[in-house]
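Working notes, beginning with the structure itself.
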Amino acid sequence: MAQREFYERFAGQILSICRRYVRTTAEAEDILQEGFLKAFMNIKSFRSESSLLTWLTRIVIRTALNARRQKFYIISVMDSELPELENPDPSVFSNLETEQLISMIQELPDGSREIFNLYALEGYSHREISEMLGISEGTSKSQYSRARFLLRQKIMKINLSNHYGKAAI
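Below you can see the structure in the form of C-alpha cells.
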C-alpha cells in the first residue's frame, strides 16, 4: 500500500522529467517504471539527506542515462564549429507554451538533449556531467552550446512563422 501511495504522489512529476530525456512517451513510461522499481528495491538506502523527491529524481535520471547509454554514443562537437551565441531576448519565450518547449527539447540530438537536461534543467555542473557520462568537460560544454544553438534556431523559426505567417518560412 505504501508503494502505491509513493508512486501516486510522485509519478506525474517524475514522468515529466523522464520525457525530457527521451523522444516518446512510451520510452518515458518505461524509464518511469524502471526508476520506481529501483527506488522500491533501494528505499533502505534513503538517508533523508535530501528530499524523497530529489532522491527519486536522481535515480530516474541515472536510469534514463543508462538506458540511453546502452543505445547510443555521444557525438563530440568542437566549440569552434558552433556560431557564437548571444543571450536571447527573454520575449522570445513569451509566446511559447511549455509543451512546445518540451517538444523542442525532445527533438534535440540525443547527446545535446542529455547534456541540456542535466545542465540547464537539473542543475548539474559540467564537471559532474563529465563524471556521470564518462566524457570530457569540454564535450559537455560543447554539447550544451550545440543544444542552445539548436533550440534558439527552433524558437526563432516559430517566432518568424508567428510574425510572418507559415507561408513565409
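Residue numbering for the sequence shown follows the working numbering, beginning at 112 and increasing consecutively.
Note that the Cβ used here is the ideal one computed from N, Cα and C, for glycine as well.
Measuring CA to CA, which of V171, S156 and V133 is closest to F121?
Put simply, of V171, S156 and V133 the residue whose alpha carbon is nearest the alpha carbon of F121 is V171.
C-alpha distance - T168 paired with S127, whole-angstrom precision:
When rounded, the distance between both Cα atoms is 11 Å.
Short CB-CB distance (under 9 Å) between G234 and chain B
In the structure shown, chain B does not exist; there is a single protein chain.
Any idea if N228 is buried or exposed, counting beta-carbon neighbours within 10 angstroms, 16 or more meaning buried?
If you draw a 10 Å sphere on the C-beta of N228, you find 16 or more other C-beta atoms in it, and that means buried.
Where E210 and E160 are concerned, what is the direct C-alpha to C-alpha distance, given to the nearest angstrom?
Linking E210 to E160 through their CA atoms gives a straight-line distance of about 33 Å.
Using CA atoms only, rank isn't needed, just tell me which of T165, T250, E242 and Q264 is closest to Q124.
Q124 has its Cα closest to that of T165, out of T165, T250, E242 and Q264.
Tell me whether the beta-carbon of I226 lies closer than 9 Å to the beta-carbon of S251.
Their beta carbons are under 9 Å apart, which means I226 touches S251 by this criterion.
Stretch pair the stretch 143-159 + the stretch 235-246: three plus CB contacts closer than 8 Å:
Proximity of the stretch 143-159 to the stretch 235-246 falls short of the contact definition, fewer than three beta-carbon pairs being nearer than 8 Å.
Looking at the secondary structure, which residues open and close the alpha helix (DSSP H) in which E225 lies?
For E225, the uninterrupted alpha helix (DSSP H) segment begins and ends at D221 to F227.
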